[in-house]
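J.: This is the structure, below, for whatever I ask next.
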Amino acid sequence: MSERKVLTKYYPPDFDPSKIVRSRAPKQAGPKVQTVRLMAPFPMKCTACGEYIYKGRKFNARKETTEEKYYSIPIYRFYIRCTRCSGEITFKTDPKNMDYECERGAKRNTEPWRMNGGGKQESDEERLDRLEREEEEKNAMQELETKTLDAKREMAVADALDEIRTRNARNERMGKDGLEVTVARESIDEEKRRQDQEDEDAARKAFMRRHEALEEVIEDNDDDGGEGSAAPFTKEQALEMPPPPAPAPAFKRVVKKKKDYAGALGIKKKPSLV
1 MSERKVLTKY YPPDFDPSKI VRSRAPKQAG PKVQTVRLMA PFPMKCTACG EYIYKGRKFN
61 ARKETTEEKY YSIPIYRFYI RCTRCSGEIT FKTDPKNMDY ECERGAKRNT EPWRMNGGGK
121 QESDEERLDR LEREEEEKNA MQELETKTLD AKREMAVADA LDEIRTRNAR NERMGKDGLE
181 VTVARESIDE EKRRQDQEDE DAARKAFMRR HEALEEVIED NDDDGGEGSA APFTKEQALE
241 MPPPPAPAPA FKRVVKKKKD YAGALGIKKK PSLV
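Just so you know, we're using UniProt numbering here: the sequence shown kicks off at 1 and counts up by one.
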């Protein structure tokens, strides 16, 4: 960095400061031109070679102040060259549309101001026609949104009606005690009631047989009893006695026959001598 900070400069031996005089040159005629560094304000395509120049690419350009104005706002023109064929491309500022306008050498890919009247002076009839078209499009979109909301509302009402009908049907099937009675529940209750009745009948028959047997035993005791015999059972005591235990099932031992693995392997056993 020390070599950059030079305080003394070299003067050749034949240097004569008296020869340096101040002179006035004539003013530059025509528009004012200056060199500036800028970026491409919009994507464009070169008409000479077809090179694509994207937005934001940097160029060394010449800036020219034109005589055109828009409400006392000066309009500037810029000159750049294509990066591939070095063809000259010019564009200028457009204060009316707050954008830039491509003049020659390239073609702009998108022109946003054309979507709003084309950036041109419209007559009253053209403006009315354009406003009518925009109003019709707006009304069509509003009508579509209204139809969508109506469809959603109808679906919500239909769901609410289905829920109310289901609740009313459930309330109609409710019993007095607040329990829901259905056909399946009725069939289950009927089957359970029938099974309980069968069990009660079977138990009653078994107790009746046991009671008859006890009566026979009591009668026999009455006939054979004497002074030293025990007091006979009454009918109420016999009914209160627990039933006798069920006899244990008889299991028969089954002896499994051993498999003859020797025969499966082809081995012949000698017969026993016994």
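Note that beta-carbon positions come from the ideal geometry of N, C-alpha and C, so glycine has one too.
(1) For my contact list, Glu64 and Arg77 are in at a C-beta cut-off of 8 angstroms; report their separation, rounded to the angstrom.
(2) Around the C-beta of Ser229, are 16 or more other C-beta atoms found within 10 angstroms, so that it is buried, or is it exposed?
(3) So, helix, strand or coil for Arg210, using DSSP?
(4) Skipping 5 residues on each side, what residues in its chain have a beta carbon closer than 6 angstroms to that of Arg104?
(5) How would you call Phe15, buried or exposed, if buried means at least 16 neighbouring beta carbons within 10 angstroms?
(6) So, using beta-carbon positions, are Pro43 and Lys55 closer together than 7 angstroms?
(7) Pull up the CB-CB distance for Asn60 and Thr35, whole angstroms please, since I reckon it's below 8 angstroms.
(8) Identify whether Pro26 lies in helix, strand or coil by the three-state DSSP scheme.
(9) Tell me Leu38's beta-bridge partners as DSSP assigns them.
(10) Keeping to the same chain, check which residues put their C-beta closer than 8 angstroms to that of Lys5; ignore five residues upstream and five downstream.
(11) May I ask which residues mark the beginning and end of the alpha helix (DSSP H) holding Ala48?
(12) How far does the beta strand (DSSP E) with Thr93 in it reach, from first residue to last?
(13) Along the chain, where does the alpha helix (DSSP H) containing Ile164 start, and where does it finish?
(14) Roughly how many angstroms lie between the CA atoms of residue 275 and Arg165, to the nearest whole one?
(15) Tell me the rounded alpha-carbon separation between Gln142 and Ala156.
(16) Ends of the beta strand (DSSP E) at Lys107?
(17) Distance check for Arg194 and Arg204, CA to CA, integer angstroms please.
T.: Reading from the atomic positions:
(1) Numbered from its first residue, the sequence shown carries residue 64 at position 64. Numbered from its first residue, the sequence shown carries residue 77 at position 77. With a Cβ gap of about 4 angstroms, Glu64 and Arg77 count as contacting.
(2) By one-based count along the sequence shown, residue 229 stands at place 229. Interpretation of Ser229 is limited by its pLDDT of 47, a score under 50 that renders its predicted location unreliable; the figure taken from the coordinates is listed afterwards. It counts as exposed.
(3) Locating residue 210 in the sequence shown gives position 210, counting from the first residue. Look at Arg210 here: in three-state DSSP terms it is helix.
(4) Position 104 of the sequence shown, counted from the first residue, corresponds to residue 104. Correct list, in chain order: Thr90.
(5) Working through the sequence shown from its first residue, we reach residue 15 at position 15. Counting C-beta atoms within 10 angstroms of its own C-beta, Phe15 has fewer than 16 neighbours from the protein chains shown and is therefore classed as exposed.
(6) Sequence index remark: in the sequence shown, residue 43 carries index 43 (1-based). Sequence index remark: in the sequence shown, residue 55 carries index 55 (1-based). Against a cut-off of 7 angstroms, the Cβ pair of Lys55 and Pro43 comes out as a contact.
(7) Position 60 of the sequence shown, counted from the first residue, corresponds to residue 60. Position 35 of the sequence shown, counted from the first residue, corresponds to residue 35. At roughly 7 angstroms, the Cβ-Cβ gap stays under 8 angstroms, so Asn60 and Thr35 are in contact.
(8) Residue mapping note: residue 26 aligns to position 26 of the sequence shown, counting from 1. Under the three-state reduction of DSSP output, Pro26 falls in the coil class, being neither helix nor strand.
(9) For the purposes of this step, residue 38 is identified with residue 38 of the sequence shown, where counting begins at 1. In the DSSP output, where bridge partners are listed per residue, Leu38 has Phe59.
(10) Numbered from 1 along the sequence shown, position 5 holds the residue referred to as residue 5. Within the same chain, Lys5 has no close Cβ partners at all.
(11) The residue you call residue 48 lines up with position 48 of the sequence shown. Looking at the DSSP string, Ala48 is not in any alpha helix (DSSP H), and its letter there is neither H nor E.
(12) Position 93 of the sequence shown, counted from the start, is the residue given in the question as residue 93. Its beta strand (DSSP E) spans residues 88–94.
(13) As a position in the sequence shown, residue 164 is number 164, starting the count at 1. For Ile164, the enclosing alpha helix (DSSP H) has its first and last residue at 124–172.
(14) This structure leaves residue 275 out entirely; the chain is present only between 1 and 274.
(15) The count along the sequence shown starts at 1 and reaches residue 142 at position 142. The count along the sequence shown starts at 1 and reaches residue 156 at position 156. About 21 angstroms.
(16) The residue given as residue 107 occupies position 107 in the sequence shown. Here the beta strand (DSSP E) through Lys107 covers 106–108.
(17) Taking the sequence shown and counting its residues from 1, the one referred to as residue 204 is at position 204. Taking the sequence shown and counting its residues from 1, the one referred to as residue 194 is at position 194. Between the C-alpha atoms of Arg204 and Arg194 there is a straight-line separation of about 15 angstroms.
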